[in-house]
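Number of protein chains: 2
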Amino acid sequence: MLVDADPELFKALGDATRRTILDELTDKDGQTLFEICGRLTMKHGLGSSRQAISQHLAVLEQAGLVRTRREGRYKFHHIDTGPLRSIVERWPPTPGEPNP
Amino acid sequence: MLVDADPELFKALGDATRRTILDELTDKDGQTLFEICGRLTMKHGLGSSRQAISQHLAVLEQAGLVRTRREGRYKFHHIDTGPLRSIVERWPPTPGEPNP
DNA sequence: GTTATACGCAAGCTGTCACTTGCCTGTCAA
DNA sequence: TTGACAGGCAAGTGACAGCTTGCGTATAAC
């Protein structure tokens, strides 16, 4: 009886706002919560509240996709793309597919 | 104003049962609906109904992760891992990470 | 000390999603 | 043709997830 692996990872990637946050951290790594909020509103036009983004970041952190670093009253968020590799490793390329 | 890419792909991967179906198709590709139902019950112990699995397969097909082939009254399901690569390509490896 | 800033916690609301239920269509065998 | 088998469609239900709201805490500026 096998079990499902990394449910939190896929749950984290399941939300569009969280994926946009990862896009934003890819563009500029190490942002604070307010910085992310501002850029999401400006560049992506989604008016999410601070608490909403904070909860999203918590989910991303629990999935291992985001690591945080405290510095005084600031909390910087860094992307970690490592867990993403477990996805392609779980379902290997289909035989017959091109493998560039 | 950028938009989110491949929402259906991530939505499809967001459910544990659908991921188990992909595991099952990885183990044995080209199964029918009833075959998948049986194996999910036997090997994974989840008692999902036929309609539930059918709906899951529809979601997986819409995400491009499963391709179907009709043959008489049978419908065979084949996994397609191609879309998975867009995930790792979207968020490239963080500089400083080991790249085996 | 006072105020502002950056963030955390927890309860409540709402919409979405997975699942069920019931019935229908198409295919093959007897 | 009749029955069994493989699958499809659609409405209804319940639970979870995302979001809001309100208050609380810690750090830094004045």
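Each protein sequence line maps, in turn, to chains A and B.
Numbered per full-length UniProt numbering, the first sequence spans residues 1 to 100.
Numbered per full-length UniProt numbering, the second sequence spans residues 1 to 100.
Virtual Cβ for every residue (Gly too), placed ideally from N, Cα, C.
Opening and closing residue of the alpha helix (DSSP H) in which residue i lies
i: K11 (chain A); result: P7 to L13
i: R73 (chain B); result: Run containing R73 (chain B): none; DSSP gives neither H nor E here.
i: K43 (chain B); result: L33 to H44
i: V88 (chain B); result: R85 to R90
i: L60 (chain A); result: R50 to Q62
i: L22 (chain B); result: A16 to D27
Counted within 10 angstroms of its Cβ, other Cβ atoms place residue i as buried (16 or more) or exposed
i: R19 (chain A); result: buried
i: A58 (chain A); result: exposed
CA nearest to the CA of residue i, picked from the options
i: L9 (chain B); options: B:A52, B:L65 and B:E89; result: B:L65
i: E35 (chain A); options: A:G82, A:D80, A:K75 and A:D15; result: A:K75
i: T94 (chain A); options: B:V3, B:D29 and B:A52; result: B:D29
i: M1 (chain A); options: B:R67, B:R39, B:H56 and B:R73; result: B:R39
i: V3 (chain B); options: A:G14, A:G45 and A:V3; result: A:G45
Proximity test, residue i beta-carbon vs the ligand GDP heavy atom, cut-off 7 Å
i: T26 (chain A); result: Looking for the ligand GDP in the displayed structure turns up nothing, as the structure carries no ligands at all.
Neighbouring residues, chain A, relative to residue i (Cβ below 9 Å)
i: H44 (chain B); result: M1, L2, V3 and D4
Listed by chain order, chain B residues near residue i by CB distance under 9 Å
i: T81 (chain A); result: V88, W91, P92, P93, T94 and E97
Contacts of residue i in chain A (Cβ-Cβ under 7 Å)
i: A16 (chain B); result: D4 and P7
i: L22 (chain B); result: W91
i: L84 (chain B); result: I87, V88 and W91
Within chain B, partners of residue i - CB distance below 8 Å
i: K11 (chain A); result: G14
i: T41 (chain A); result: Those do not exist, as T41 (chain A) stays about 11 Å from chain B at its closest Cβ, beyond 8 Å.
Within chain B, the residues that residue i reaches when beta carbons sit closer than 7 Å
i: R69 (chain A); result: Going along chain B, no residue has its Cβ under 7 Å from R69 (chain A), so there is no contact; the nearest lies around 14 Å.
The stretch 78-93 of chain B touching the stretch 72-86 of chain A, judged by at least three CB pairs closer than 8 Å: Yes, the stretch 78-93 of chain B touches the stretch 72-86 of chain A.
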